[in-house]
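**Student:** Numbering (my numbering), first residue to last: 891 to 1048. Beta carbons are placed, not taken as given, at the ideal position from N, Cα and C, and that holds for glycine. Predicted, not measured: the structure shown is a model, and the values here were computed from it. Here it is: the structure, laid out below.
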């Protein structure tokens, strides 16, 4: 009988811990979820309608950058640009695509030689974006999100 009392006593002191339910708040779940996100990657990269038929993410990304690069280069080739010396250099364009699909040029990094030889290069690039086809924004977890990216463009003028 004494053994039963000891058993019940031990059971009483240890059993309460097994019935404690851990309560989780919505804020704790949100914080845990936010920690697992890869904030530097999107599920679907920004795109143009001509790239819709492409299935893989890498090919869609390549299509987007190719369409954007070709559009800017074609615009520049159709403008009379006169230089005093040959220019072959790369400019880096920093873009942002908003949640609504608005493409904005944030910054243009150009070498001093390009700026000296083609002083209106920045204006030409801004103008080339006016006739750009509609851009569809990036998607992350089913939501349209704002993205930023850099695009190198090689300028070659004789």
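With a cut-off of 8 Å, does the C-beta of residue 1045 fall near any C-beta of chain D?
**Tutor:** Annotation note: the requested chain D is absent from the structure, which comprises a single protein chain.
**Student:** Please classify residue 897: is it buried, with 16 or more other beta-carbons within 10 angstroms of its beta-carbon, or exposed?
**Tutor:** Exposed, because fewer than 16 other Cβ atoms sit within 10 Å of the Cβ of residue 897.
**Student:** Rounded to the nearest angstrom, what separates residue 1025 and residue 985 at their Cα positions?
**Tutor:** Distance between the alpha carbons of residue 1025 and residue 985: 12 Å.
**Student:** Where residue 1031 and residue 933 are concerned, what is the direct C-alpha to C-alpha distance, given to the nearest angstrom?
**Tutor:** In a straight line, the C-alpha of residue 1031 is about 7 Å away from that of residue 933.
**Student:** Would you kindly work out how many angstroms separate the C-alpha atoms of residue 989 and residue 1013, rounded to a whole number?
**Tutor:** Residue 989 and residue 1013: Cα-Cα distance of roughly 25 Å.
**Student:** What is the DSSP secondary structure of residue 956, counted as helix, strand or coil?
**Tutor:** The answer is helix: DSSP assigns residue 956 an H, G or I state.
**Student:** At 4 residues or longer, and completely inside the region 968-1023: list those alpha helix (DSSP H) runs for me, N to C.
**Tutor:** Runs of the alpha helix (DSSP H) inside the region 968-1023: 1002-1007, 1011-1018.
**Student:** Which residue comes first and which comes last in the beta strand (DSSP E) that contains residue 944?
**Tutor:** Neither: residue 944 is in no beta strand (DSSP E) and is coded neither H nor E.
**Student:** Rounding to the nearest angstrom, what Cα-Cα distance links residue 991 and residue 1022 in this structure?
**Tutor:** The alpha-carbon atoms of residue 991 and residue 1022 are separated by roughly 12 Å.
**Student:** Of the residues 1040, 954, 948, which one's Cα is nearest the Cα of residue 939?
**Tutor:** Ranking the options by Cα distance to residue 939, first place goes to 954.
**Student:** Tell me where the beta strand (DSSP E) around residue 856 begins and ends.
**Tutor:** Given a span of 891 to 1048 for the chain in the structure shown, any question on residue 856 remains unanswerable.
**Student:** Using 8 Å as the cut-off, can you tell me whether the region 969-983 makes contact with the region 999-1014, which would need three or more C-beta pairs spanning the two stretches below that distance?
**Tutor:** Yes: the two stretches touch, three or more of their Cβ pairs being nearer than 8 Å.
**Student:** Thinking residue 1042 and residue 982 are a contact (beta carbons under 8 Å), I'd like their distance in whole angstroms, please.
**Tutor:** Right, their Cβ atoms sit about 5 Å apart.
**Student:** To which residues does DSSP link residue 962 through a beta bridge?
**Tutor:** DSSP, once it has assigned bridges, lists no residue as partnering residue 962.
**Student:** Ordered along the chain, which non-local residues of its own chain (more than five positions away) have a Cβ less than 8 Å from that of residue 963?
**Tutor:** 1043.
**Student:** Where does residue 937 fall in DSSP's three states?
**Tutor:** Strand, per DSSP.
**Student:** For residue 1028, does the count of other Cβ atoms within 10 angstroms reach 16, so buried, or fall short, so exposed?
**Tutor:** When all chains shown are included, residue 1028 counts as buried.
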